[in-house]
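Protein chains: 2
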Amino acid sequence: MPRASEAARLDVLCIGNAIVDVVAPVPEDFLTAHATAKGTMRLIDAQAAETLYAAMPPGIESSGGSAANTAAVAAGLGIETGFLGKVAADQLGAVFRHDIVAAGVRYPTPPLADGAPTARCLILVTPDGQRTMNTFLGASVAFSEADLDHDLIGATKILYLEGFLFDPPPAQAAFHAAARIARAAGRKVALSLSDPFCVARHRAAFQALLPTIDMLFANEAEITSLFETSDFNAAATAAREAVPLAVLTRSEHGSFIVQGAEQAMVPAAPAEVVDTTGAGDAFAAGFLAGYCQGRGLAASGWLGSRAAALVIGQYGARPRVDLAGLAVG
Amino acid sequence: MPRASEAARLDVLCIGNAIVDVVAPVPEDFLTAHATAKGTMRLIDAQAAETLYAAMPPGIESSGGSAANTAAVAAGLGIETGFLGKVAADQLGAVFRHDIVAAGVRYPTPPLADGAPTARCLILVTPDGQRTMNTFLGASVAFSEADLDHDLIGATKILYLEGFLFDPPPAQAAFHAAARIARAAGRKVALSLSDPFCVARHRAAFQALLPTIDMLFANEAEITSLFETSDFNAAATAAREAVPLAVLTRSEHGSFIVQGAEQAMVPAAPAEVVDTTGAGDAFAAGFLAGYCQGRGLAASGWLGSRAAALVIGQYGARPRVDLAGLAVG
């Protein structure tokens, strides 16, 4: 029986792969040499990760994961936020846990005791600021229905799920279970499409899922891939018909947000482009924070634009500044 | 018997603590709350590190260690460089090894198999860009004479030792042994004083060491502490008499370099101050690279100033840009 009238304990609960990023600048031809498609995410195994890491320049490590980034930024913007996702009981897992908890996010998932190490994403940043991601999922694949906190999901206004969860089968099962729990409690379910290749891998499943989704987050490459069109406007129209609220980002061209008859076009905020890792995640966080605080579509989108601009101007996916000023701006 | 006439295989071999930095921005009052003296380095044990880490905001991890930073930057500037220092066989140790090898530094020290984890330094960056360091030495304390590569030391033009090596007793013994090997081979020995508190801890030992040192690197706080004076000019005069070559840095006031009757005053290079972690290490690297390439004192110092400016403008101690352009400039 829906219980949406009960007071929610969290504004947003994000579920996704729990990943530590290894970010390094590379020249353009590094991508060609290592056969990785610019601007996208691909999955690699432990051996490929070792080989690629050996070829990479010196980097920095910082906590990542798409939905985890969104949770961290949303918490910084002042809404009550949680995250579910699996790390291992190792040093990088401790780094991930520290960073998300220190960001103010509730993070109840226990670490994986024996098994693969904490997931890492080798992120190659080209001189144009584009990031190309190579993910070794590690312990993330062990996230399963057993890790779902039913009470917490039932007491959260918006359950936010990243599309990347569709890659590991147990996580995909957990995705569906979490969405069922949220719906049964009368809560909203949000989906981020994550990556155009991820959409291509799971297109039919994502399309089948749309009738149960309340909020859809996607960039241009993802939404056009989902609806198999090269025309953004056609994709946006399809999104409007498919979900009650669609938040569509277009990099430096800003975002297009549509909720039934209402819509907003929001510009990108000025940014010096250093590394676009996490820009979409931060945008989603800003939008969710604004939305939960009762702002309109345009104002929520603008908060998203400004949060994205902050992470674009630095290496790493999570802003290293106090976000409280943004939230009241 | 001195063998300096043999061709050297390395220009500079650095020995120091092998550390991964955890860098996070904090407000000024965080330092007061955690009783840590701004701009300095203090040693903490595993328990204190855990407590401080739990209180710290989200951070980034990047390879550090004073002499290791110098080695990485010097290699980027085109001279043949090596590093000796101890990490553990763990994830952060693998990060340290990857980064220094990827920077072009020869790094033959095997990891510590069973024992303390890789050293980490919790670096608190205040809004003025100052860094305050809290070091858990971990596996670094296991560096000992057994880790010295006699042939490599004998075939290196300049052995560069960080003062921080005086903190762990086995490393101090290795320090002395390495210097003896270098001198016996007719090579030069350089010492970086590292930190004013480190100087205060080991002042008598450092003073006793000076007659055997060919090049001394220090900042204003360190050199005045060494000679127990509050007057920089008095300290500089004492340094000129104590060592053949002294390289003294004064933050935004540039550097003063003195070699017998010859001296140079070098300005700081323009920089947007984000995080001063590694500025002194990068300066030393630039100076050493210029010196090994046969530049004069002023030109070598200016290369140091420009290398330091690069790391001051970012979070983390090692520049995330190709340094080849600096070296030919």
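Just so you know, the protein sequences line up as chains C and W, in that order. So the first sequence is numbered by our numbering: it starts at 179 and just counts up by one. So the second sequence is numbered by our numbering: it starts at 179 and just counts up by one. We put the beta carbon where it would ideally sit given N, CA and C, even for glycine.
Beta strand (DSSP E) segment containing residue i, residue limits
i      : result
C/A297 : A297 to V303
W/F261 : T259 to L262
C/Y231 : Taken as a continuous stretch (DSSP letters only), C/Y231 belongs to no beta strand (DSSP E), being part of the alpha helix (DSSP H) at A224 to A233.
W/E340 : T334 to E340
C/S240 : I238 to G242
C/V200 : I197 to P203
W/L221 : M219 to L221
W/A446 : Neither: W/A446 is in no beta strand (DSSP E) and is coded neither H nor E.
Spatial distance of residue i from residue j (CA atoms)
i      : j      : result
W/A294 : C/D409 : 57 angstroms
W/T259 : C/V499 : 36 angstroms
W/P235 : C/G263 : 20 angstroms
C/L315 : W/I238 : 20 angstroms
W/L337 : C/P445 : 55 angstroms
C/A505 : C/G494 : 21 angstroms
C/E450 : W/F353 : 45 angstroms
W/D392 : W/S372 : 17 angstroms
C/L466 : C/D459 : 11 angstroms
W/R187 : C/A266 : 42 angstroms
W/M311 : W/D199 : 9 angstroms
C/A356 : W/A317 : 43 angstroms
C/H380 : C/F344 : 7 angstroms
W/A333 : W/E340 : 19 angstroms
W/N195 : W/M443 : 30 angstroms
W/I359 : W/V421 : 19 angstroms
W/G364 : W/T390 : 12 angstroms
W/A447 : C/R284 : 44 angstroms
W/P348 : W/A232 : 30 angstroms
W/S183 : W/K335 : Model confidence at W/S183 stands at a pLDDT of 42, short of 50, so the residue's coordinates are unreliable; what they give is reported in the following sentence. So the two alpha carbons sit approximately 10 angstroms from each other.
C/F208 : W/A416 : 51 angstroms
C/P305 : W/E419 : 48 angstroms
C/G432 : C/A215 : 23 angstroms
W/A227 : C/F434 : 46 angstroms
W/R428 : C/A213 : 47 angstroms
C/T407 : C/L387 : 19 angstroms
W/A211 : C/D277 : 20 angstroms
W/A476 : W/R496 : 23 angstroms
W/M219 : C/P346 : 44 angstroms
W/I222 : W/L300 : 10 angstroms
W/D327 : W/R361 : 14 angstroms
C/G271 : W/G271 : 15 angstroms
C/F274 : W/E430 : 36 angstroms
W/L423 : W/G474 : 12 angstroms
C/E206 : W/A324 : 43 angstroms
W/G217 : C/G282 : 28 angstroms
W/A413 : W/A382 : 16 angstroms
W/D292 : W/P203 : 33 angstroms
C/Q441 : C/G472 : 16 angstroms
W/I490 : C/D189 : 39 angstroms
Cβ-Cβ distance between residue i and residue j below 8 angstroms
i      : j      : result
C/F261 : C/A280 : no
W/F375 : W/L404 : no
W/F461 : W/A439 : no
W/L488 : W/G468 : no
C/I197 : C/T287 : no
C/D268 : W/Q225 : no
C/R484 : C/G456 : no
C/V201 : C/S241 : no
C/V452 : C/G307 : yes
C/V150 : C/L501 : Limits of chain C in this structure are 179 at one end and 507 at the other, which puts residue 150 of chain C out of reach.
W/L191 : W/L330 : yes
W/S478 : W/S370 : no
C/A320 : C/L290 : yes
C/E398 : C/V377 : no
C/T454 : C/R309 : yes
W/A351 : W/S322 : yes
Range of the contiguous alpha helix (DSSP H) that encloses residue i
i      : result
C/V273 : Q269 to A280
C/F434 : Premise fails: C/F434 lies in the beta strand (DSSP E), S433 to Q437, not in any alpha helix (DSSP H).
C/D189 : Run containing C/D189: none in the alpha helix (DSSP H); it sits in the beta strand (DSSP E), L188 to I193.
C/L314 : Looking at the sequence itself, residue 314 of chain C is Phe, so the reference to Leu does not match. No alpha helix (DSSP H) holds C/F314; the beta strand (DSSP E) holding it covers R309 to F314.
C/V489 : L475 to I490
W/E206 : E206 to A211
Integer Cβ distance of residue i from residue j, believed to fall under 8 angstroms
i      : j      : result
C/V436 : C/F395 : Not really, about 12 angstroms apart at Cβ, beyond 8 angstroms.
W/I193 : W/C470 : The pair is not a contact, with the Cβ atoms about 17 angstroms apart (cut-off 8 angstroms).
Unbroken stretches of the alpha helix (DSSP H), 4 residues or longer, contained in the region 347-430 of chain W: 347-362, 374-379, 381-387, 398-404 and 410-420
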